[in-house]
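>
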Ligand SMILES: Cc1cc2nc3c(=O)[nH]c(=O)nc-3n(C[C@H](O)[C@H](O)[C@H](O)COP(=O)(O)O)c2cc1C
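Numbering (the numbering used here), first residue to last: 1498 to 1872.
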């Protein structure tokens, strides 16, 4: 139950027949914690994601999960390329659900940035950008990301097969019980590499023009929608701009957004960058204008499942009042908070307090912890 004084970020978020209890998202964040290198979720994943669900996030998106073994960003990534990986994901989903959040998973393929060692603070400097020897590195074109090995260009048939791999992984995600399937179309990974003229110089149907470069992303959305049916929320994360001369711009992404919705996407999760080295003006809410532009581009449209598309913004949103202002003024429908939630899993509970909410039950926050409320 919400009242007229409930902060907007704590009001429910309906998406394709499912409703998140609030508008705060945990964005996907790689844990690089599959020590067995088999893509199977571990106790760490169950604990990490359920802690953020207990902390009050309305929607919890599990980290980039590979649709093929060579699409992993590191050998320690989660996977959904094999049925044997479904039960581990089901454990994560059940734990998130038990704490009252919607569960999502980000499906990805690292393209030319795949196959690097798992990142840890104690890794040798630059290890993140060194391709592991012998990794089958594939991309739209044989153009290396600086510091990484030169990938081989996928043939058209191979690109079709990766689209099918996204669909198969999405079917497994639905079988595991996820409410939301997010395609990783951002940060210089495969889908983004197809979209950007800086990494896609193909002359076949998967390149050569904006329509050609958008083909892979649109095919993936259509294939995933077909695989998961009408029930699951389909989200795609985009880098709205490459922040670089000759690269993707906010305008390109605003043009693409309604096409993705028509293809079956319910949610657009707007990030930026990652495809090429760039000077990025990082600061509080620096990506919000890109989300607002996407939201304006899809305003008034209806997703095939009914309802308006949902636009999520992310990036250096660190204060409750800042998040509230973004959503209350209609710049985005929801706010994702990443790094602050690594150090503070109960961040939504604290933000509710910061915004003067004392009725935890009404706000859908863990009533078991009420006696620990700030007084
Ligand atoms: C440890 C870590 C891992 C990340 N892994 C992913 C990922 O798997 N997929 C993705 O799209 N973004 C990933 N990101 C980016 C975050 O989802 C988020 O967009 C970024 O941290 C900016 O938001 P923030 O300022 O709230 O942290 C990662 C970020 C961090 C800090």
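Glycine included, C-beta positions come from ideal geometry on N, C-alpha and C.
For the candidate residues 1839, 1561, 1578 and 1584, whose alpha-carbon lies nearest to that of residue 1601?
The shortest Cα separation from residue 1601 among 1839, 1561, 1578 and 1584 belongs to 1561.
> Could you check the C-alpha separation between residue 1622 and residue 1527 for me, to the nearest Å?
At residue 1622, the pLDDT of 48 sits below 50, so the modelled position is not reliable and the matter cannot be decided from this model.
> Can you give me the start and stop residues for the alpha helix (DSSP H) that residue 1550 sits inside?
It spans 1540-1551 - the alpha helix (DSSP H) in which residue 1550 sits, taken as one unbroken run.
> Leaving out five residues before and five after residue 1872 in sequence, what residues of the same chain have Cβ atoms less than 7 Å from its Cβ?
None.
> Return yes when at least one heavy atom of ligand 1 lies under 7 Å from the C-beta of residue 1883, else no.
The question about residue 1883 has no answer here: the residues shown for the chain are numbered 1498 through 1872.
> How about residue 1594: is its Cβ closer than 7 Å to a heavy atom in ligand 1?
Answer for residue 1594: no, Cβ out of range of ligand 1.
> Going along the chain, which residues of its own chain have a beta-carbon closer than 7 Å to the beta-carbon of residue 1695, five neighbours each way excluded?
For residue 1695, where only same-chain residues beyond five positions count, the Cβ hits under 7 Å are 1739, 1741, 1743, 1744, 1772 and 1773.
> Along the beta strand (DSSP E) that carries residue 1559, what are the first and last residues, could you check?
It spans 1556-1563 - the beta strand (DSSP E) in which residue 1559 sits, taken as one unbroken run.
> Within 10 angstroms of the Cβ of residue 1867, are there 16 or more other Cβ atoms? Answer buried if so, exposed if not.
The residue in question, residue 1867, is exposed, as its Cβ has fewer than 16 Cβ neighbours within 10 Å.
> Can you tell me where the beta strand (DSSP E) holding residue 1732 begins and where it ends?
Per DSSP, residue 1732 belongs to the beta strand (DSSP E) from 1730-1736.
> Could you pull out every unbroken alpha helix (DSSP H) segment of at least 4 residues lying fully inside the segment 1787-1864, listed in chain order?
Taking only runs of at least 4 residues, the alpha helix (DSSP H) segments lying wholly in the segment 1787-1864 are 1817-1825, 1836-1840, 1844-1851 and 1857-1860.
> Rounding to the nearest angstrom, what Cα-Cα distance links residue 1624 and residue 1856 in this structure?
Note that residue 1624 has pLDDT 49, beneath the 50 cutoff, so the model's placement of it is unreliable and no number is given.
> In chain order, what are the residue ranges of uninterrupted alpha helix (DSSP H) at least 4 long that sit wholly in the segment 1650-1732?
Entirely contained in the segment 1650-1732, the alpha helix (DSSP H) runs reaching 4 residues are, in chain order, 1653-1673, 1687-1692 and 1707-1725.
> Here's the rule: buried if 16 or more other CB atoms are within 10 angstroms of the residue's CB, otherwise exposed. What is residue 1690?
When all chains shown are included, residue 1690 counts as buried.
> Just to confirm, does residue 1684 get its C-beta within under 7 Å of one of the non-hydrogen atoms of ligand 1?
Residue 1684: yes, Cβ under 7 Å from ligand 1.
> Is there a C-beta anywhere in chain C that falls below 8 Å from the one on residue 1645?
Annotation note: the requested chain C is absent from the structure, which comprises a single protein chain.
> Who are residue 1522's beta bridge partners in DSSP?
The partner list for residue 1522 (beta bridge, DSSP) reads 1556 and 1833.
> Taking only the alpha-carbon atoms, compute the straight-line gap between residue 1507 and residue 1860 and give it to the nearest angstrom.
Roughly 6 Å separates the two Cα atoms.
> Less than 6 Å between C-beta atoms, sequence neighbours within five positions excluded: which residues of the same chain meet that for residue 1592?
Within the same chain, residue 1592 has close Cβ partners 1543 and 1547.
> May I have the straight-line CA-CA distance separating residue 1864 from residue 1736, to the nearest angstrom?
Using only the alpha carbons, I get a separation of about 37 Å.
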